[in-house]
Each structure stands twice: as C-alpha cells, then as structure tokens.
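2 protein chains.
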Amino acid sequence: MTRDIPEISLQRLPVYLNYLRSLSGEENKFISSGAIAQALGMGEVLVRKDLAYTSSAGRPKVGYVRTELIAALEDYLGCNEKKNAVLVGVGGLGRALLSYGGFVNYGIDIVEAYDSDPLKAGTEIAGKKVCSAEEFERGMAQYSPRLAIIAVPARAAQGVCDMLVKAGIKGILNFAPVQLKAPQNVTVRNIDVAANLAVIGSMI
Amino acid sequence: MTRDIPEISLQRLPVYLNYLRSLSGEENKFISSGAIAQALGMGEVLVRKDLAYTSSAGRPKVGYVRTELIAALEDYLGCNEKKNAVLVGVGGLGRALLSYGGFVNYGIDIVEAYDSDPLKAGTEIAGKKVCSAEEFERGMAQYSPRLAIIAVPARAAQGVCDMLVKAGIKGILNFAPVQLKAPQNVTVRNIDVAANLAVIGSMI
Chain G
1 MTRDIPEISL
11 QRLPVYLNYL
21 RSLSGEENKF
31 ISSGAIAQAL
41 GMGEVLVRKD
51 LAYTSSAGRP
61 KVGYVRTELI
71 AALEDYLGCN
81 EKKNAVLVGV
91 GGLGRALLSY
101 GGFVNYGIDI
111 VEAYDSDPLK
121 AGTEIAGKKV
131 CSAEEFERGM
141 AQYSPRLAII
151 AVPARAAQGV
161 CDMLVKAGIK
171 GILNFAPVQL
181 KAPQNVTVRN
191 IDVAANLAVI
201 GSMI
Chain H
1 MTRDIPEISL
11 QRLPVYLNYL
21 RSLSGEENKF
31 ISSGAIAQAL
41 GMGEVLVRKD
51 LAYTSSAGRP
61 KVGYVRTELI
71 AALEDYLGCN
81 EKKNAVLVGV
91 GGLGRALLSY
101 GGFVNYGIDI
111 VEAYDSDPLK
121 AGTEIAGKKV
131 CSAEEFERGM
141 AQYSPRLAII
151 AVPARAAQGV
161 CDMLVKAGIK
171 GILNFAPVQL
181 KAPQNVTVRN
191 IDVAANLAVI
201 GSMI
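In order, the protein sequences belong to chains G and H.
Sequential numbering from 1 applies to the first sequence in the working numbering.
Sequential numbering from 1 applies to the second sequence in the working numbering.
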C-alpha cells in the first residue's frame, strides 16, 4: 500500500483509534476534533489534518460520528484484513509478545514462532507453536506472512533479518538494539526499550 | 536536565552509540561521520549535526576517535550516572522487561517491581523483587526512583500513572495502549507494540 500520508501522521492514527475505542455511550456519539485534541494533549489543527487522511469527514458543529471515525481509522490501518505475522526469538520478550492479545485489534495474527534452541521447538505459548529454525521455510510456505517480529539478541539479528527478507517478508519490527540492513523495499522499524527509557531519563 | 537538543536527535543518539559499541579493533580507531551515516543508512549532515550536540569534535580528514565519541555519547545520555527505575505490572511483558539486561548499558537499574496480584508479591524475577502494591511507598522512599515503566493493562494504566506522579516519578515509559494524562513536568512516552506493527503493515 503506498499512500500520501506522512509516517509521523500514520503513527498517530492508532493513538486516535485507541482513544475513540475507549469511549462509549450515547454522550459520545459525536466527537469533535477539538475534544480529541484536548483529551490527547495535541493541537486541534494537527488532529484534523491527521484524521483527514482517513477520508472520514467531520460535520460542522457536531464533529465526527464516533463509530464512523473508528471504522475509517480501522479501515485505513487495515484492521479488517487479516494479516499473518511470524516471530523469531522466543526468549522472555518473544514469549511476552506471543502472549500479548493486542495484535488482534489490528487484524494481525502471529501464526508461529521460531527459535534456534531445539529445546523450545515443539512447545506452545498462548496457543502459538514454537518451531525449530528448520521449520521456517515450511511455515513461510504455509502462512505467506509479510510481517515479522525480531526478538533475538543483537548479535543474531542481522542474520535473522537476511533470512526473513530472503523468504519474502516485507515489514519487520525489530527489538534487537542494532540497526539492521535490509533492501529498500522492506520496511524495518526498531523498538529499543532500554534506549527509550534512557532518552526519557536524559530529558527529566 | 534541560538541553537544546531536539527530541528527535536525542532519540538517535542511542542508535549511534549501539553502532559504535558494536565495532572494535585497530581499524576502527577512527570513524568519520560519513562512515557512520553509510552504515546506518542516514544522511551525513544529519549525523554530524546530531553528534555535535554531544560536544565531541570530529577531526578533519580522520573523523572521530571512536572511544572518545562513545564516551561523549554515554556521558550525554547519562549512562555513567546510576539511575533507579521501578516497574509496575508483572505480567508477561513486565517479566520480560525485568529479565532484560539492556538497561544496564544506560546506567538504569530496575530496582523493584509492583503488582496488584498478591500471588506475585514476594517472588523474584532475574534477581528483582516483585512487591505488592502496599509496598510501593516503602520502595519509593528506599530507592528514590525518578523513572518508571508501566506494563499494566490499559484499564489500569491511568491509575498507576497518577500513583507514580504523586510519588515523585518524573519520567514514564508506558506500554499500555492508552494515552496517559500527566502534569507537564512529567515526561511520558508510549510504546504500543501492536500499533507499531500495524503501522508497518499499512506501509508495505
């Protein structure tokens, strides 16, 4: 999918979606961009601009119909198209991610996990199979995932990334604290938890 | 610490630090901003500008002395000042974070964790004590942490945030998929893992 939305706006769409999903009741049938902006501590112009990408139209005076805006955001973020993903590296973080229920809110199904430790192969975590590295090709053929999560130690991450790219993965969320090299047509984003906390620590 | 660095540059400093730490040997004694930029797939001007905030000076022709640049980045990110942090919510993610060794690279020590489940209180994970909610005040007095991690479900996150702010926490890394309200003098940053993967999914 190639669209004109800047990535920074795209990253904010789940924030709006989470907020709108958290509301309920007749009094929240309509919501204005101003109310959303205030609740999230953001500027109203920014909110209106971001939401305009989803092609949901706010109505003068009353604002957005909340359920319509949720549907537009879900549609834009692809929550209604089921997307298979795989996870590589079943250490503590990998286990936590396999158990995490939040992916389903975005239509993402982590179908299988892989780990090089033969003792882990054949186990299940939260109903997800943990497979040996040898089963990787079979899994890719079976599920045709385009998304993957890397949760291996830093030293192993580039090798795993190369394997994923070779197998046709187009989007990678990498938790290893290392910058991965991947072809231009593969989107890689990093979450370095310790670095995030360090940055906060140096801001306070 | 208030400094003039834009947050976006600050967030990139750990990326440089990770890369520089991954190198070794006599052939990497010096490194140029161009070489760093190429290795990380970034623009050279950006790299040079970011690194200038750390007051480490590159030398014409040879570039930076790698160990000096590492030291400057570590100093700027406060890696050498020990910082206590607490974690609230010892579910799968909380357990994984307690076991994660990466915080020590930034001088961060997760001293204790808290969970409302009385069955978890008194246990240890990776040598860290899991305490009941009742022990929170004692822990805050004992360790004077300024940093905290929230790893509780979304519905509990705002209550936990309020408790942390009241206890004097100044920086929060929040994993619950909800926008938290906190006073202006408290820095809150969010990591929504599922949203991150969804954003990647809608870019590919």
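Glycine included, C-beta positions come from ideal geometry on N, C-alpha and C.
Those residues which DSSP pairs with residue i across a bridge
| i | result |
| --- | --- |
| L147/H | A85/H and G171/H |
| D109/G | N84/G |
| V130/G | A113/G |
| T187/G | G171/G |
| Y64/G | I31/G |
| I125/H | K128/H |
| R59/H | G63/H |
Under 8 Å from the C-beta of residue i: neighbouring residues of chain G
| i | result |
| --- | --- |
| N18/H | A154, P177, V178, Q179, D192 and A195 |
| Y100/H | G92, L93, V193 and A194 |
Check whether residue i and residue j have beta carbons under 9 Å apart
| i | j | result |
| --- | --- | --- |
| A194/G | C161/G | no |
| V186/H | N174/H | no |
| P14/H | L77/H | yes |
| G43/H | A37/H | yes |
| G92/G | I149/G | no |
| Q11/H | V199/G | yes |
| V152/G | E112/G | no |
| A39/G | Y64/G | no |
| L147/G | I204/H | yes |
| S99/H | A126/H | yes |
| D192/G | G102/H | yes |
| V178/H | S22/G | yes |
| G209/G | G171/H | With chain G covering only 1 through 204, there is no way to say anything about residue 209/G. |
| K49/H | S9/H | yes |
| A157/G | A176/G | yes |
Cross-chain neighbours of residue i in chain H, by beta carbon under 7 Å
| i | result |
| --- | --- |
| E105/G | Per the sequence shown, the amino acid found at residue 105/G is Asn instead of Glu. By Cβ distance, chain H contributes A194. |
Chain-ordered chain G contacts of residue i [CB-CB under 7 Å]
| i | result |
| --- | --- |
| Q11/H | V199 |
| K170/H | I204 |
Under 9 Å from the C-beta of residue i: neighbouring residues of chain H
| i | result |
| --- | --- |
| S24/G | In chain order: nothing, as chain H lies at least about 13 Å away. |
| I149/G | V193 and L197 |
| L97/G | G92, L93, A96 and V193 |
Cross-chain neighbours of residue i in chain H, by beta carbon under 8 Å
| i | result |
| --- | --- |
| T67/G | Near T67/G there are no residues of chain H at all, since even the closest Cβ is about 19 Å away, more than 8 Å. |
| R189/G | N196, V199 and I200 |
| M163/G | Chain H residues near M163/G: none, gap ~18 Å exceeds 8 Å. |
| L73/G | Correct list: empty, because the minimum Cβ distance to chain H is about 11 Å. |
| K83/G | G201 |
| L173/G | V193, N196, L197 and I200 |
Within chain G, partners of residue i - CB distance below 9 Å
| i | result |
| --- | --- |
| P14/H | P177, D192, A194, A195, N196, A198 and V199 |
| R146/H | G201 and I204 |
| L77/H | A195, A198, V199, G201 and S202 |
request  = With 7 Å as the C-beta to C-beta threshold (strictly closer), list the residues of the region 34–59 of chain H near chain G in chain order.
outcome  = Cβ proximity to chain G below 7 Å picks out L40 from the region 34–59 of chain H.
ask   = Is there contact here, the region 68–86 of chain G with the region 100–111 of chain G, by at least three beta-carbon pairs under 8 Å?
value = Between the region 68–86 of chain G and the region 100–111 of chain G there are three or more C-beta pairs closer than 8 Å, enough to call the two in contact.
Residues, ordered as in the chain, of the region 105–125 of chain G that lie near chain H by beta-carbon distance below 7 Å = Answer set for the region 105–125 of chain G: N105, Y106 and I108.
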